Structures are given as structure tokens and as C-alpha cells.
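Just so it is clear: in the sequence shown, position 84 is 83 by numbering that gives the first Met the number 0, and no numbers are missing.
C-beta: ideal position from N, C-alpha, C; glycine also.
Because the structure is a prediction, the values reported are computed rather than measured.
Encoded as C-alpha cells, the structure appears first; notes follow it.
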Amino acid sequence: MTEEPETIDEAAVVPGRTLSGVQKKLLAYHDGTGFHPAAKADDPATHIAKFNREDLPTLVLNESSTLQLGREVLGDREITKADRGQLRGFDGIALLVERFDREGGERLRLEDFAQILSKPRGRDFNGKYQSSYEEAAGVIEKYSARSRIDLARYFALVVFNLVVGNADAHLKNFSLLERPEGLRLSPAYDLVNTIVYPEYERLAALEIGGRKRSFEEIDRALLENFGRDIGLPDRAVKKAIDDLAKGFASAPTLKPRAHAQPDDFRERYRETITNNVERMLA
Numbered sequence: 000m001t002e003e004p005e006t007i008d009e010a011a012v013v014p015g016r017t018l019s020g021v022q023k024k025l026l027a028y029h030d031g032t033g034f035h036p037a038a039k040a041d042d043p044a045t046h047i048a049k050f051n052r053e054d055l056p057t058l059v060l061n062e063s064s065t066l067q068l069g070r071e072v073l074g075d076r077e078i079t080k081a082d083r084g085q086l087r088g089f090d091g092i093a094l095l096v097e098r099f100d101r102e103g104g105e106r107l108r109l110e111d112f113a114q115i116l117s118k119p120r121g122r123d124f125n126g127k128y129q130s131s132y133e134e135a136a137g138v139i140e141k142y143s144a145r146s147r148i149d150l151a152r153y154f155a156l157v158v159f160n161l162v163v164g165n166a167d168a169h170l171k172n173f174s175l176l177e178r179p180e181g182l183r184l185s186p187a188y189d190l191v192n193t194i195v196y197p198e199y200e201r202l203a204a205l206e207i208g209g210r211k212r213s214f215e216e217i218d219r220a221l222l223e224n225f226g227r228d229i230g231l232p233d234r235a236v237k238k239a240i241d242d243l244a245k246g247f248a249s250a251p252t253l254k255p256r257a258h259a260q261p262d263d264f265r266e267r268y269r270e271t272i273t274n275n276v277e278r279m280l281a
């Protein structure tokens, strides 16, 4: 593992402390009266403010809904905290994501899987896509202080990402976080249903079972094989998938909306996920 982890702060640019990535992001903090951009180097940076893209005006709603769905299916402790709100000086609603790599004002060690696997970054960061979900599981096996527990958590998170249609669940979206007992799989973050947008390729971000898969070809048999391949007992794999199926079935976020129009984004969002649930978890 690298000795000096790349942090969110190190990715920021002053002035404005804008974060890299295709979605506009700013470091932010709450002062008791509201959220403010962390414009100066000595400002606290307890949150990340994420905004819609001009070509994707539903992106904040999408990620907010998917994080909430993650809490409903995986549990509150498995998902980073976030709320929609206003950032002072900026128009529109932002997603204000609480940083879990901060505790009592101190920065916790945090390394994403692309760093740990030393994947080449390049100008377009394509290294984060050059791997498999099986190889990523090896990071947990090697470095987690509770590898058996974290492998089970990781398996559930990967399956969740596939079911919600997240074609951007790459290596940088999985991290190990410093805890009192050692490094542990961090809470989930950057959860988005990308396949609801025609602009996104309908392929999983990483290989699974030897190659990158279209979402349409992912089924329960493939997911069960994946779970066994990363070292989980067959009974645990089947129970995890059954639990996920029950979680999606009862999730309030996926309940049909009364009088929804066919072109309503929330209805398209719900349909893409429920179709995946039926195919992947049945």
C-alpha cells in the first residue's frame, strides 16, 4: 500500500477548492447557519458539495435517491451520510455529502482501491477501470483488519451497485478507512443509477467472471459464482442475495408513485432498478 494516501484535500484546487471529476464538486462546511464553500486553505472541509451537470439535471436527485436506497437495503452504517441542500453563493440544490474520513477534526487514513493496486492513472484516470471485482476483493483479503466481515460487506455492495445500474462503480469508489482495529472497508459512496441515462454505456465498470458484462447478461448464477470466487461460503452467498432481494422489495424509494407520468425521471429510475432486481436476484 502507498505510504501517503491521496486525500480529497490534495485533489482540491485553491481558490474555490474544486474537486476533480466529471461532476462539479466543492469542499464545504456547515457553520451552524448553513453550508459554505471551503474557499480558503484553512477552512474546514467536512462535506463535499456535488452539483447537477448541465446535460444531466437530475444527477443530484439520482445520487440522493440511490444513497437513500442503499440505506434501506444495506443499512444506515454502510452508506455515507448526505442530504440535499443549498450551498451559500451557489444556485440550485446540491448534494452535501458528509466526509467519513474526518473524526473529531482529525483526518483518518483513507485509501481507495486504485491507489492500493497502483493502477495507472493517466490524464483520463482510466486505470480505475482496469481491474475486476475479484481483484478488488483481494485488497480486502490482504489488508482489512476484519477481512471475513468486510468481504461479505463488499459482496453485498458490489451486487447492490450492479442491481441499481451503476456503470461507474470503479476502483476509486471502494476504499479502506482507518478504524481503531485497523483498516476496514469504508461506507459506500458515489452511488448512482447511471444506466437510466442513455449517455452511459450499459457495461459494468469492472470485469466480473473474466470480462466486463452488460447489465442485461448479469443474473443470479453469475453473482453466486462471483461470491464463491472471492471466498465466501455458498450458504452465505445465497443468503446475502436473498436478503438483498427482500431489501429491494420493501424499499420505500422503489414504491410506485401515484399518478406518475411515463416520462417522469423518478419512474424511469424505479423501472430500471426493479427490472434488474427481477433478473439478477430472482
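Can you tell me where the beta strand (DSSP E) with residue i in it begins and where it stops?
| i | result |
| --- | --- |
| Arg87 | Arg87 -> no beta strand (DSSP E), and no H or E assigned at all. |
| Gly104 | It is not in any beta strand (DSSP E) - Gly104 carries neither H nor E in the DSSP assignment. |
| Lys49 | 46 to 49 |
| Phe34 | 34 to 36 |
| Ser64 | Run containing Ser64: none in the beta strand (DSSP E); it sits in the alpha helix (DSSP H), 58 to 73. |
| Leu202 | Careful: Leu202 lies outside any beta strand (DSSP E) and carries neither H nor E. |
| Glu177 | 174 to 178 |
According to the neighbour-count rule (16 or more other Cβ atoms, all chains shown, within 10 Å of its Cβ), is residue i buried or exposed?
| i | result |
| --- | --- |
| Lys245 | exposed |
| Ser117 | exposed |
| Pro14 | With a pLDDT of 32 at Pro14, under the threshold of 50, the modelled position of that residue is not reliable, and no figure is offered here. |
| Gln260 | exposed |
| Gly164 | buried |
| Arg201 | exposed |
| Ala292 | Not covered by the structure: residue 292. The range shown for the chain is 0 to 281. |
| Glu216 | exposed |
| Ser213 | exposed |
| Glu277 | exposed |
| Thr32 | exposed |
| Ala40 | exposed |
Please report the Cβ distance between residue i and residue j, rounded to the nearest whole angstrom; I am assuming they are in contact, meaning their Cβ atoms lie under 8 Å.
| i | j | result |
| --- | --- | --- |
| Ile78 | Pro186 | 6 Å |
| Leu170 | Phe112 | 4 Å |
| Arg183 | Asp149 | 6 Å |
| Phe264 | Leu60 | 7 Å |
| Phe154 | Leu231 | 6 Å |
| Phe34 | Leu86 | 5 Å |
Could you tell me which of the options sits nearest to residue i, measuring between CA atoms?
| i | options | result |
| --- | --- | --- |
| Ala136 | Leu202, Ile207, Tyr199 | Ile207 |
| Lys211 | Asn61, Gln129, Val72, Lys23 | Gln129 |
| Thr273 | Leu205, Leu182, Val162, Leu60 | Val162 |
| Tyr199 | Glu177, Arg178, Ala166, Leu184 | Ala166 |
| Val96 | Leu58, His258, Arg234, Ala27 | Ala27 |
| Leu205 | Gly91, Pro36, Gly126, Arg87 | Gly126 |
| Glu110 | Gly181, Arg219, Gly209 | Gly181 |
| Ser143 | Leu176, Asn172, Ala168 | Leu176 |
| Ala81 | Asp90, Gly74, Arg98, Val72 | Arg98 |
| Gly91 | Ser64, Arg234, Pro119, Arg52 | Arg52 |
| Gln114 | Phe173, Val276, Leu86 | Phe173 |
| Tyr196 | Leu73, Tyr188, Gly84, Glu266 | Glu266 |
Starting from residue i and walking both ways along the alpha helix (DSSP H), at which residues does that stretch end?
| i | result |
| --- | --- |
| Ala27 | Segment 24 to 29 is the beta strand (DSSP E) holding Ala27; no alpha helix (DSSP H) there. |
| Ser249 | 233 to 249 |
| Glu266 | 264 to 280 |
| Leu150 | 146 to 162 |
| Gly181 | From DSSP, Gly181 is part of no alpha helix (DSSP H) but of the beta strand (DSSP E) over 181 to 184. |
| Ile207 | No alpha helix (DSSP H) contains Ile207, which DSSP labels as neither H nor E. |
| Tyr132 | 132 to 142 |
### Query
With a cut-off of 8 Å, do at least 3 Cβ pairs link the region 103 to 113 to the region 147 to 160?
no
### Query
For the 8 Å Cβ check, are there 3 or more pairs between the region 184 to 202 and the region 62 to 69?
yes
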